[in-house]
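Visitor: Each number in this note's numbering corresponds to the 1-based position in the sequence shown with 1261 added. Using N, Cα and C, we set each Cβ at its ideal position, and we do this for glycine too. Computed from a predicted structure; not experimentally measured.
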Amino acid sequence: MPLQFNPVKLFAGTGTKALAHKIAESYGKPLGNVTLSRFSDGEFQPSYDETVRGCDVFLIQSTYQPSDNLMELLLMIDAAKRASAHYITAVVPYYGLARQDRKDKPRVAIGAKLVANLLKSAGIHRIMTMDLHAAQIQGFFDIPVDHLDGSVIFVPYIKSLGLENLTIASPDMGGSYRARTFAKFFNAEVVICDKRRKRANEIESMSIIGDVTGMDIVLIDDICDTAGTLAKAAALIMEKGAKSVRAVCTHPVLSGKAYETVENSQLTELIVTDTIPLKQESPKIRVLSTASLFAKAIANVNEHGSISDLFRV
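(1) Residues bridged to T1350 by DSSP?
(2) For L1292, which residues of its own chain have a beta-carbon under 7 Å away from its beta-carbon, when the five flanking residues on both sides are left out?
(3) Answer with buried or exposed for T1474, where buried requires no fewer than 16 other C-beta atoms within 10 angstroms of its C-beta.
(4) Given this structure, state the Cα-to-Cα distance separating N1426 from A1503, to the nearest angstrom.
(5) Can you round the beta-carbon distance between T1390 and Y1348 to whole angstroms, since I take them to be within the 8 Å contact cut?
(6) Given T1522, which residues of its chain have a CB within under 6 Å of its CB, disregarding the five upstream and five downstream residues?
(7) Would you tell me roughly how many angstroms separate the C-alpha atoms of K1364 and H1408, rounded to the nearest one?
(8) Use the C-beta contact count for A1495: other C-beta atoms within 10 angstroms, 16 or more gives buried, fewer gives exposed.
(9) Quick one: what's got a C-beta closer than 8 Å to V1313's C-beta in the same chain, skipping five residues either side?
(10) The alpha helix (DSSP H) with I1284 in it runs from where to where?
(11) Taking the alpha carbon of F1447 as the point to measure from, which residue in D1477, I1559, E1311 and M1434 has its own alpha carbon closest?
(12) Alpha carbon to alpha carbon, how far is G1372 from V1416? Give it in angstroms, no decimals.
(13) A1370: buried (16+ other C-beta within 10 angstroms of its C-beta) or exposed?
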């Protein structure tokens, strides 16, 4: 029997409207209309302004803070399910609470698993996301997970810079695998910044494992939150004799004084994507769009094509 293709409808949560419009434009289909009704106490209720019965529905929303973004996505999923959507895919460019992926001390929650349970219980059939904090979070789901790789966006840009003595760096030990994977695209060496934390978002000390003298360093990370780690790593790398230092981070959380920290740091530039909208402009922050990649992934899912084909740089 020939493959059956159901009508596709794309909808956006309020937190990811700008990216969703770009995805829809790249996909070649306009965003569907959703009304978000608000009560005076802050409660809200999304409703679809068009039918989704029998459709393959893609709901685009990053779940960065505040938690209203996650709650809005859950309500949109529930509304689509109750309106008889055929297949519901949550497109979550930035998967919030992903740093809570294990019990690293007694009596703590595993937030990444809880969010997975909530999304599945709400009614999704599939989730599409990018550069999870830990790849094994995919195992928290008992449904298909399309885990897109940001390197297909970053590698062409880094190549375009023509850096003569490129060396890839990880800002901590935990990111060494990510850095080594990235380095393979350039046949480059890897150095590691070994940091010790006093507490969350506060670094006690840092040292460099490897030689950075005369090198153009590119730090690789998935999330840039306060930018404190990157700024300290950049300062230490330049102190050790590097020629230049840049940073690549998929998700620009950029909380607190992050923008000020980046601008006052020794980073030549911070290269991020649009999975989270920037709160303000910065001359040191360059944004690369994920829209085309997500649009291709949505098309491949709907047409029963391969997602792994999208990982080729």
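Guide: Result, derived from the coordinates:
(1) Indexing the sequence shown from 1 puts residue 1350 at position 89. Paired residue(s): F1319 and R1387.
(2) Taking the sequence shown and counting its residues from 1, the one referred to as residue 1292 is at position 31. Around L1292: L1271, F1272, A1273, A1281, H1282 and A1285.
(3) What you label residue 1474 is simply residue 213 of the sequence shown in a count that begins at 1. When all chains shown are included, T1474 counts as exposed.
(4) Here residue 1426 refers to the residue found at position 165 of the sequence shown. Here residue 1503 refers to the residue found at position 242 of the sequence shown. Separation of N1426 and A1503 (C-alpha to C-alpha, rounded to the nearest whole angstrom) is 10 Å.
(5) Within the sequence shown, the letter at position 129 stands for residue 1390. Within the sequence shown, the letter at position 87 stands for residue 1348. Contact flag wrong, Cβ pair sits at about 17 Å.
(6) Within the sequence shown, residue 1522 is the residue found at index 261, counting from 1. A1488 and A1492.
(7) On the sequence shown, residue 1364 is found 103 positions in, with the first residue counted as 1. On the sequence shown, residue 1408 is found 147 positions in, with the first residue counted as 1. Cα-Cα distance, rounded: 23 Å.
(8) Residue 1495 sits at position 234 when you count from the first residue of the sequence shown. Buried is the call here.
(9) As a working mapping, residue 1313 is identified with position 52 in the sequence shown. Around V1313: K1270, G1293, A1341, A1344, S1345 and A1346.
(10) In the sequence shown, residue 1284 corresponds to position 23, counting from 1. First-last of the alpha helix (DSSP H) with I1284: K1278 to Y1288.
(11) The count along the sequence shown starts at 1 and reaches residue 1447 at position 186. The shortest C-alpha separation from F1447 is found at D1477.
(12) Taking the first residue of the sequence shown as 1, we reach residue 1416 at position 155. Taking the first residue of the sequence shown as 1, we reach residue 1372 at position 111. Across the structure, V1416 and G1372 are spaced so that their CA atoms are roughly 31 Å apart.
(13) The residue given as residue 1370 occupies position 109 in the sequence shown. Taking a 10 Å sphere around the C-beta of A1370, we find fewer than 16 other C-beta atoms and assign the residue as exposed.
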